[in-house]
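Each step along the sequence shown adds one to the number in full-length UniProt numbering, with nothing skipped, and position 42 is 42. Note that beta-carbon positions come from the ideal geometry of N, C-alpha and C, so glycine has one too. Only a predicted model underlies this, so the values are computations on that prediction, with no experimental measurement involved. To start, the structure under review is shown below, and the notes come after it.
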Amino acid sequence: MLGVLLAGTWVTSGRLEIGWLRFFSAGVFIATVVLSAWDLWLWRLPWFQRIPGVPRSVRGTWEGVLTSFWVDPGTGVKVLEKAAFLVVRQTASSVSVRLITDESQSRSSLASVSVPDGSAVLDYLYLNRPKSSVEHRSRMHHGSTVLDISGCPARRLEGRYWTDRDSRGELVFTKRSRRIADDFEEARELFTAS
Numbered sequence: 001m002l003g004v005l006l007a008g009t010w011v012t013s014g015r016l017e018i019g020w021l022r023f024f025s026a027g028v029f030i031a032t033v034v035l036s037a038w039d040l041w042l043w044r045l046p047w048f049q050r051i052p053g054v055p056r057s058v059r060g061t062w063e064g065v066l067t068s069f070w071v072d073p074g075t076g077v078k079v080l081e082k083a084a085f086l087v088v089r090q091t092a093s094s095v096s097v098r099l100i101t102d103e104s105q106s107r108s109s110l111a112s113v114s115v116p117d118g119s120a121v122l123d124y125l126y127l128n129r130p131k132s133s134v135e136h137r138s139r140m141h142h143g144s145t146v147l148d149i150s151g152c153p154a155r156r157l158e159g160r161y162w163t164d165r166d167s168r169g170e171l172v173f174t175k176r177s178r179r180i181a182d183d184f185e186e187a188r189e190l191f192t193a194s
């Protein structure tokens, strides 16, 4: 397009006019600033969240419970519920998820917020890496999680997970902090201080 405009000015006037390019570069700069502001902040504002096609904001640290359906084959004992924190980093164009417990961290390799049937959903694939002290009973694994998002703004995340260890369970997150936690202790402090 730019080449056509340059050729057009050269053909009509006999010389190459480029003075108008300063307006073009200003337009590109303004568009870049506006699009960056949209991607990082504007889309999260409540009135934009109600527009169809704008992803539901679930950004922040969520406190909840992980319930595993795994039963120890040696003892027949079911694992107890665990406190869990879901840390979501999100822009309008990307999302990454980290699930933190006292024993391990899961990091998403692929994540999305979508509205497949009118209800918002957070889906992600992950790699879980347990602490060395528990690797003898909880090895590294891959898995998938699907969480239904309730409310606009989001007030609750609830769903299930599956792993390549043939285990599965449920996750429920009901408390949210807008701050992003880096580890289990920091996440716990976010919710005990409030």
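Worksheet item: Which runs of the beta strand (DSSP E) fall wholly inside the segment 104–170 and span at least 3 residues, in chain order?
Response: 104–114, 121–130, 141–150, 156–163
Worksheet entry | DSSP beta-bridge partners of residue 95 | The bridge partners DSSP lists for residue 95 are 90.
Worksheet item: Which partner residues of residue 64 appear in the DSSP bridge assignment?
Response: 84, 173
Item to complete: My understanding is that residue 68 touches residue 79, with C-beta atoms under 8 Å, so please give their C-beta distance in whole angstroms.
Response: Contact flag correct, Cβ pair sits at about 4 Å.
Worksheet item: What does DSSP give as the partner residues of residue 71 in its beta bridges?
Response: Per DSSP, 78.
Worksheet item: On the three-state DSSP scale, how would you describe residue 30?
Response: helix
Worksheet item: Is the segment 23–38 in contact with the segment 134–141, if contact means three or more CB pairs nearer than 8 Å?
Response: Between the segment 23–38 and the segment 134–141, the count of Cβ pairs shorter than 8 Å is below three; the stretches do not touch.
Worksheet entry | Residues that residue 100 bridges to, as DSSP identifies them | 85, 105
Fill in: Endpoints, the alpha helix (DSSP H) within which residue 190 is located
From DSSP, the alpha helix (DSSP H) with residue 190 extends over 184–192.
Item to complete: State the Cα-Cα distance for the pair residue 175 and residue 156, rounded to the nearest angstrom.
Response: 7 Å
Worksheet entry | Nearest to residue 146 (by Cα), restricted to the options 126, 190, 130, 93 | Minimum Cα distance to residue 146 is reached at 126.
Worksheet item: So, helix, strand or coil for residue 25, using DSSP?
Response: helix
Item to complete: Specify whether the segment 82–99 and the segment 54–71 touch according to this definition: at least 3 beta carbon pairs, one from each stretch, less than 8 Å apart.
Response: yes
Worksheet entry | Sequence-distant residues of the same chain with beta carbon closer than 8 Å to residue 150, five excluded per side | Its chain contains 156, 157, 158 as the residues whose beta carbon lies nearer than 8 Å to that of residue 150, once the 5 sequence neighbours on both sides are disregarded; these appear in chain order.
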